[in-house]
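Q:
2 protein chains.
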Amino acid sequence: MPLARRTDLGDSNYAGLEVDVCHDLQRCLKETLEGGFDFLVTPLAHPRHRRPAPSARDPSAPTPAPFARSDLLLNSTQWSSQVVGKTSPWIDADSVSAPMRRDSEAALRQELMWAAHLSLHAVLLPTPSLKAANYARIVNQFLTALSSTALWVRIPVVSAEVEAAEANGGDGAAEALAKQIDPCTRRRAHDPFERWANLRAMCEGHPQLSACLEVGASLPPAAELRRWVGEPVKAVVLNADAFITNKRGFPVLPKRHQEFITTMLQKNVQVVLRWSGDGDKAYVVYLFRKIDAVSEQELVESGYRDYLQAPLQPLMDNLESATYETFEKDASKYIQYEEAVHACLVDRVRDADAAAGKVTVLMVVGAGRGPLVRASLRASDRCGRKMKVYAVEKNPNAVITLQSLVESEGWEDRVTIVASDMRSWDFEEKADVLVSELLGSFGDNELSPECLDGAQRFLKEGGVSIPQSYTSYLAPMTSSKLWNDAKAYGDLAHMETPYVVKLHRYSLIADPEEVFTFHHPNEDKVIDNNRYEKLLFKRAPDAAAATMHGFAGYFDAKLYEGPAGKVHCSIYPPTHTMGPTGEPMFSWFPIYFPLRTPVHVPAGTNVEAHCWRCVGPSKVWYEWAVTAPEVGPVHNVNGRSYWVGL
Amino acid sequence: MPLARRTDLGDSNYAGLEVDVCHDLQRCLKETLEGGFDFLVTPLAHPRHRRPAPSARDPSAPTPAPFARSDLLLNSTQWSSQVVGKTSPWIDADSVSAPMRRDSEAALRQELMWAAHLSLHAVLLPTPSLKAANYARIVNQFLTALSSTALWVRIPVVSAEVEAAEANGGDGAAEALAKQIDPCTRRRAHDPFERWANLRAMCEGHPQLSACLEVGASLPPAAELRRWVGEPVKAVVLNADAFITNKRGFPVLPKRHQEFITTMLQKNVQVVLRWSGDGDKAYVVYLFRKIDAVSEQELVESGYRDYLQAPLQPLMDNLESATYETFEKDASKYIQYEEAVHACLVDRVRDADAAAGKVTVLMVVGAGRGPLVRASLRASDRCGRKMKVYAVEKNPNAVITLQSLVESEGWEDRVTIVASDMRSWDFEEKADVLVSELLGSFGDNELSPECLDGAQRFLKEGGVSIPQSYTSYLAPMTSSKLWNDAKAYGDLAHMETPYVVKLHRYSLIADPEEVFTFHHPNEDKVIDNNRYEKLLFKRAPDAAAATMHGFAGYFDAKLYEGPAGKVHCSIYPPTHTMGPTGEPMFSWFPIYFPLRTPVHVPAGTNVEAHCWRCVGPSKVWYEWAVTAPEVGPVHNVNGRSYWVGL
């Protein structure tokens, strides 16, 4: 029975129970469901010992007893939705003993085939060793053969060796162990993440291969836990020793455990209990219900989570009505613009001049359906500075809305509509203030620089552009979901396109760094909007290993800064603009620059990358490359995969 | 004028002259050609200083003077075949100064475009810095835009810093410098190879991007020089300081220099002199002519150099007459078989039994057009052991040849022809000796194990198979030509297929390691020809960095070992079988297992790899993967790209 009926938390509504032995499957499943769980994690094979591989079996010996229960015990719906199979614990496909390896290989294949035959939703596989090449190959063969059964690999959040060292009270010993490096692969031998990363690399991040995190008594540092959010974690197994007993004698999770489980539940990760003590399921339900209810906006956004959108081409295409509507809903953005215009008016027009009736000419370029006109007029009203507004808009459909707005609001004597492209329009009157909202998620990626360079000819000497400047930011990130979704298109172009994405299952590997900055109006003799930045992402010497799937991009725009106020509009996390009700501005999602091949970032290693903004006669594009920890190819050479038309 | 008329050495017939200044291009070229050179390496632009980028130029200023000479100075054939352009020496596209970078970028693009306009065969580019990301991007943009002009990048074999330290007599200082590691990329900062490897990685090994090695007074250790053979080196520039003066006052190269130049000339690399002293061209002609004349067999083989051949499918297809002919030409192979049969007969049949007329039954499985029958009969005649031969052959075309051979040689009473597939044939008489030549370049890759497992039912208890066993070997290798040729097919399948190749432009990164061994007859109760081997290729702690493009594969077959002799047949380099005239056996070229993505192997780092031989109901295939220095994907999963049909 689901933990709750929350549509925003998807899979995590369902909880499972893992057992190590199950003599009577039907009864075991019945009890599991009656206990409130949604599925049972149970061994695929009889709990017997090692079976010889067919090739090692004496052909004259009688046929061996079946290794598993009959598929008739449950119906196909039960098999596929209520049972997750576990492979036999004795299997070791990378054993140094060749006969053991051969028997293990045969048994692992046999059990996987059986699970596929039963159409199980998933099979839970054992923790691989650091270099489980043979295990990886068998898993990869199964995945590549296109079964619908997913594979979950059990990965402890802390290695058994480190956990044992911690339990022995040797904190220093545990730490030393955690930092040991494998001499051949140069990876931290006791960081379970490395085992997962190796396995995944050998299987090329197959979308049906996921991690199942096992949580016991100890948890690693927060930063190490955070890595997993960007990884394809499907479930968390809570072992009995993860629980402590509270004052009233009930089993509860320690605070950090609670926080981690809550985070994972919010990321659609299912919980599986490996202990059927009293009240445990109720406790998971309790944790789940404790997760804050989401706002209406968040609910809307949950549909966009980790969904790859191609960036807008605002110069080449006209926006649709629904797009305008979505953006106009973002009150926080227009409040910032109102504040910016307000501060700008106060700074430019002294009180005396205002009283004398001085009129400020304000030009909105790209007026759309009018939100910036409205915000500007509100600012004018608030500070008592008279204003004449030109609303320039090239989209004839939006002009219709604009005209009826002016009429319905009675703005006829204050607002002049100019139905024209700001790049080609020719006008006699010059403006004091040029207001625009041409920024994309990466600041300059919707060609705000090129548009405003063209429009600034309407600006008086000493006139102000709102925004005055904007800066883009990039941060290396783990995001296996996004990478796999781009990969699924099966071509180069989709691996070299930046996408607008509501990031959800991701984790940053380092803090964002500044990339490009543009100032308006641009006073340079010859304007050059080409840019190049070399980025060094410094990581702490004890930072854990992580996998880099690309970069998250943001922007921070200085709308206006002057004596009367400093107003920014930002999706750069440290300065993200918040709305009046404390909700973050939502008009822009971050941008995702993918890497064609994921890059392993070893523990304590910095990331070095390069980003270029290239301007051609008819298009603008980015190129990007990583040069540390490894040197990789330049992406999107000559804008071959992605560009924005001028 | 070419150095000689040797068809086996291709491009290296042509030598060039590099000049730093050339006031009168026509005269300069004329003198170069009169001096016996074939082409001139000369600056593309006037030898003036930095030109401002168009974006930094005052638009009101007069149009600047042209940066280059008129294209009318030479005709188009002269431009394209007799001139290689050099870019301006002041260009630094990765300068920390943004204006310098901008001007450099503009100038570099301008000069590249000019070279493309002139249809120059190549442009010689300056040595990149260790992390020349911006340089790499411009080069990559040019390459991706599909110009026919090749780019040669000047790479000194010893970095200027190390050479200076050596010149100062500080041998320890030079060595310490050579081993310095860049903190960010973890590469040896003063190994020029690293600069090349980084640039090439950013450009994804574009086939039009090559290295031009610059040789001065000092040379690095032999192993470091050897790396370059597998890299796309197009030319070697000999600086004036590479020469010393001999007793007679003539400029000559030191011995190690001579050896290096000779090696490169043999690998089709052109020589360019950067010094026009007396007699220098004559000296290069002398070195070139000194290269040993090749044998007829080598001349035939030169057409196969670095040419990718798909391995044979001998079970599914019948061989063609020409293929039989090629193999039969290899006397050394059949001499080994004759020796093996001879030793085997001597061991099995005592002199007394031989005198008593004891007959040995020998079965040739896969007799083809009869060379093994002939070799066996020769052995029998030599040692006076009577023999009855069954020649089993499934190819009806070969059987015709076999029949006429038996007739013409008068073997009717000694040889019985069986026109049948050894796997399905049913026969009453059992053999003492089973002789076959079913080995592929990687030993078991043409399914010798499966064929002989089937054929051993004709063998008496205690009977002998010739070969008795065989072992395959693999070694990691640099081979950019082969990798690019496989890549050029543009699909996954060609990057996961092992090819039979006459290796030429390659260098091994570590010594070969043993992979799989098969013994015949196979006495196992249940025969299992699946194999898995984990391979650790150890490299010396001071081994230089290299790029791994895949693995070279070999085999060593034990034809027969017994008291009367040990006879092998091998293409494994340390034991390569040599013929009676001292020429190596040529029936088998090595096999090349490609890697989908080249792997950088840092200095002093080991390579770890895995190889599997997988046997399915109807096919046999290999899978392979690298797990150190980096963990990479499993290749050819489930035999999706390459397999041999049973």
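Sequences listed follow chains D and P, in order.
Going letter by letter, the first sequence gives residues 200 to 845 in the working numbering.
Going letter by letter, the second sequence gives residues 200 to 845 in the working numbering.
We put the CB at the ideal spot given by N, CA and C, even for glycine.
Rounded to the nearest angstrom, what separates A422 of chain D and W682 of chain D at their Cα positions?
A: Here residue 422 of chain D is taken as the residue at index 223 of the first sequence, counted from 1. Here residue 682 of chain D is taken as the residue at index 483 of the first sequence, counted from 1. Approximately 22 Å between the Cα atoms of the pair.
Q: Run the CB neighbour count on T774 of chain P, radius 10 Å, all protein chains shown included, and call it buried at 16 or more, exposed below.
A: Locating residue 774 of chain P in the second sequence gives position 575, counting from the first residue. With fewer than 16 other Cβ atoms within 10 Å, it is exposed.
Q: Sort P:V605, P:R622 and P:A574 by Cα distance to K593 of chain P and report the nearest one.
A: Here the question's residue 593 of chain P lines up with position 394 in the second sequence. Of P:V605, P:R622 and P:A574, the residue nearest in Cα terms is P:R622.
Q: Y688 of chain P versus chain D: which residues are under 8 Å apart at the beta carbon?
A: For the purposes of this step, residue 688 of chain P is identified with residue 489 of the second sequence, where counting begins at 1. Ordered by position in chain D, no residue passes the 8 Å Cβ test against Y688 of chain P, which lies about 16 Å from the chain.
Q: Tell me, to the nearest whole angstrom, how far the beta carbon of V471 of chain P is from that of V428 of chain P; I am working on the premise that it is less than 8 Å.
A: Position 272 of the second sequence, counted from the start, is the residue given in the question as residue 471 of chain P. Position 229 of the second sequence, counted from the start, is the residue given in the question as residue 428 of chain P. Rounded, the Cβ-Cβ distance is 18 Å, inconsistent with contact.
Q: Here's a check: name, in chain order, each residue in its chain whose Cβ is nearer than 7 Å to the Cβ of Q469 of chain P, leaving out the five neighbours to either side.
A: Against the second sequence, residue 469 of chain P aligns to sequence position 270. Correct list, in chain order: D210, S211, Y213, A214, G215, K433 and A434.
Q: Verify the CB distance criterion: does A349 of chain D have a CB-CB separation below 9 Å to chain B?
A: Structure shown: chain B not included; protein chains present are D and P.
Q: Which of the three DSSP states is assigned to Q535 of chain P in this structure?
A: Here residue 535 of chain P refers to the residue found at position 336 of the second sequence. Three-state DSSP puts Q535 of chain P in a helix.
Q: Quick one: what's got a C-beta closer than 6 Å to S579 of chain D's C-beta in the same chain, skipping five residues either side?
A: What you label residue 579 of chain D is simply residue 380 of the first sequence in a count that begins at 1. These residues qualify, in order along the chain: M586.
Q: Distance cutoff 9 Å, beta carbons only. Does P697 of chain P sit that close to anything in chain D?
A: Position 498 of the second sequence, counted from the first residue, corresponds to residue 697 of chain P. No, no contact with chain D.
Q: Looking at the C-beta of R300 of chain D, does it have a partner C-beta in chain P at a distance below 9 Å?
A: Numbered from its first residue, the first sequence carries residue 300 of chain D at position 101. Judged by the 9 Å Cβ criterion, R300 of chain D is in contact with chain P.
Q: For W427 of chain P, name the three-state secondary structure that DSSP assigns.
A: Within the second sequence, the letter at position 228 stands for residue 427 of chain P. W427 of chain P: helix per DSSP, three-state reduction.
Q: Would you list the residues sitting across from C810 of chain P in a DSSP beta bridge?
A: Stepping through the second sequence from its first residue, residue 810 of chain P is reached at position 611. According to DSSP, C810 of chain P bridges with P:E732 and P:W823.
Q: If you draw a straight line from the C-alpha of G815 of chain P to the C-alpha of S303 of chain D, how long is it?
A: If you number the second sequence from 1, residue 815 of chain P lands on position 616. If you number the first sequence from 1, residue 303 of chain D lands on position 104. Taking the straight line joining both Cα atoms gives about 18 Å.
Q: Between which residues of its own chain and Q667 of chain D is the CB-CB distance below 8 Å, once the five residues before and five after are set aside?
A: The residue labelled residue 667 of chain D in the question sits at position 468 within the first sequence. Around Q667 of chain D: H718, H719, K757, L758, Y759 and E760.
Q: In chain order, what residues of the same chain have a beta carbon less than 7 Å from the beta carbon of L601 of chain D, not counting five sequence neighbours either side?
A: The residue you call residue 601 of chain D lines up with position 402 of the first sequence. Cβ neighbours of L601 of chain D beyond the five flanking positions: A566, R568, G569, A590, E592 and I616.
Q: To the nearest angstrom, how far is the alpha carbon of Y821 of chain D from that of G639 of chain D?
A: Position 622 of the first sequence, counted from the start, is the residue given in the question as residue 821 of chain D. Position 440 of the first sequence, counted from the start, is the residue given in the question as residue 639 of chain D. Whole-angstrom Cα-Cα distance: 14 Å.
Q: So what does DSSP say about I599 of chain P, is it helix, strand or coil?
A: Numbered from 1 along the second sequence, position 400 holds the residue referred to as residue 599 of chain P. Reduced to three states, the DSSP call for I599 of chain P is helix.
Q: With a threshold of 16 other CB atoms inside 10 Å of the CB of H456 of chain D, please say whether the residue is buried or exposed.
A: Taking the first sequence and counting its residues from 1, the one referred to as residue 456 of chain D is at position 257. With 16 or more Cβ atoms within 10 Å of its Cβ, H456 of chain D is classed as buried.
Q: Relative to the alpha-carbon of E495 of chain P, which residue among P:L412, P:F785, P:W395 and P:P420 has its alpha-carbon at the smallest distance?
A: Taking the first residue of the second sequence as 1, we reach residue 495 of chain P at position 296. Looking at the Cα atoms, P:F785 is the closest of the given residues.
Q: Start and end of the alpha helix (DSSP H) containing K659 of chain D?
A: Mapped onto the first sequence, residue 659 of chain D falls at position 460. No alpha helix (DSSP H) contains K659 of chain D, which is instead part of the beta strand (DSSP E) from L658 to I665.
Q: Any chance you could list the alpha helix (DSSP H) runs of at least 4 consecutive residues sitting entirely within the region 387-470 of chain P, in chain order?
A: If we require 4 residues or more, the alpha helix (DSSP H) runs fully inside the region 387-470 of chain P come out as 391-401, 421-425 and 454-465.
Q: Just reading off the alpha helix (DSSP H) that L342 of chain P is part of, what are its end residues?
A: The sequence position of residue 342 of chain P within the second sequence is 143, counting from 1. Its alpha helix (DSSP H) spans residues A332 to T343.
Q: Got a sec, what are the start and stop residues for the beta strand (DSSP E) S177 of chain D sits in?
A: Lying outside 200 to 845, the shown extent of chain D, residue 177 of chain D is not represented and no answer is given.
Q: For T716 of chain D, report the span of its beta strand (DSSP E) as first-last.
A: The residue given as residue 716 of chain D occupies position 517 in the first sequence. Residues E712 to H718.
Q: Between G752 of chain D and A539 of chain D, is the Cβ-Cβ spacing less than 9 Å?
A: By one-based count along the first sequence, residue 752 of chain D stands at place 553. By one-based count along the first sequence, residue 539 of chain D stands at place 340. Cβ atoms of G752 of chain D and A539 of chain D: not closer than 9 Å.
Q: Does the contact criterion of 3 or more C-beta pairs under 8 Å hold for the region 505-523 of chain D versus the region 698-709 of chain D?
A: Contact holds: three or more Cβ-Cβ distances are below 8 Å.
Q: For R178 of chain D, which residues in chain P fall below 9 Å Cβ to Cβ?
A: For chain D, the structure presents residues 200 to 845; residue 178 of chain D sits outside this window and is missing.
Q: In whole angstroms, give me the CA-to-CA distance for E365 of chain D and Y334 of chain D.
A: As a working mapping, residue 365 of chain D is identified with position 166 in the first sequence. As a working mapping, residue 334 of chain D is identified with position 135 in the first sequence. Whole-angstrom Cα-Cα distance: 29 Å.
Q: Give the residues of chain D in contact with H809 of chain P, contact being defined as C-beta atoms less than 8 Å apart.
A: As a first step, residue 809 of chain P must be located in the second sequence, where it is residue number 610. Simply A332, N333 and R336.
Q: Interface residues of chain P around G831 of chain D at Cβ under 8 Å?
A: Looking up residue 831 of chain D in the first sequence gives position 632. Neighbours of G831 of chain D on chain P, chain order: A400 and M401.
Q: Beta carbons nearer than 8 Å to chain D: which residues of the region 478-510 of chain P have them?
A: Of all residues in the region 478-510 of chain P, none has a Cβ within less than 8 Å of some Cβ in chain D.
Q: Just list the alpha helix (DSSP H) runs in the region 562-642 of chain D, keeping only unbroken ones of 4 residues or longer that don't cross its boundaries, in chain order.
A: Qualifying alpha helix (DSSP H) stretches, in chain order: 570-582 and 595-608.
Q: Touching or not, the region 641-650 of chain P and the region 668-681 of chain P, by the rule of three or more beta carbon pairs under 8 Å?
A: Touching, yes, given that three or more Cβ pairs across the two stretches are closer than 8 Å.
Q: Got a sec: which bits of the region 706-738 of chain D sit with their beta carbon under 7 Å from any beta carbon on chain P, in order along the chain?
A: Residues K724, V725, D727, Y731 and K733.
Q: Using the Cα positions of Y705 of chain D and A674 of chain D, report the straight-line distance between them to the nearest angstrom.
A: The residue given as residue 705 of chain D occupies position 506 in the first sequence. The residue given as residue 674 of chain D occupies position 475 in the first sequence. Each residue's Cα considered, the two are about 11 Å apart.
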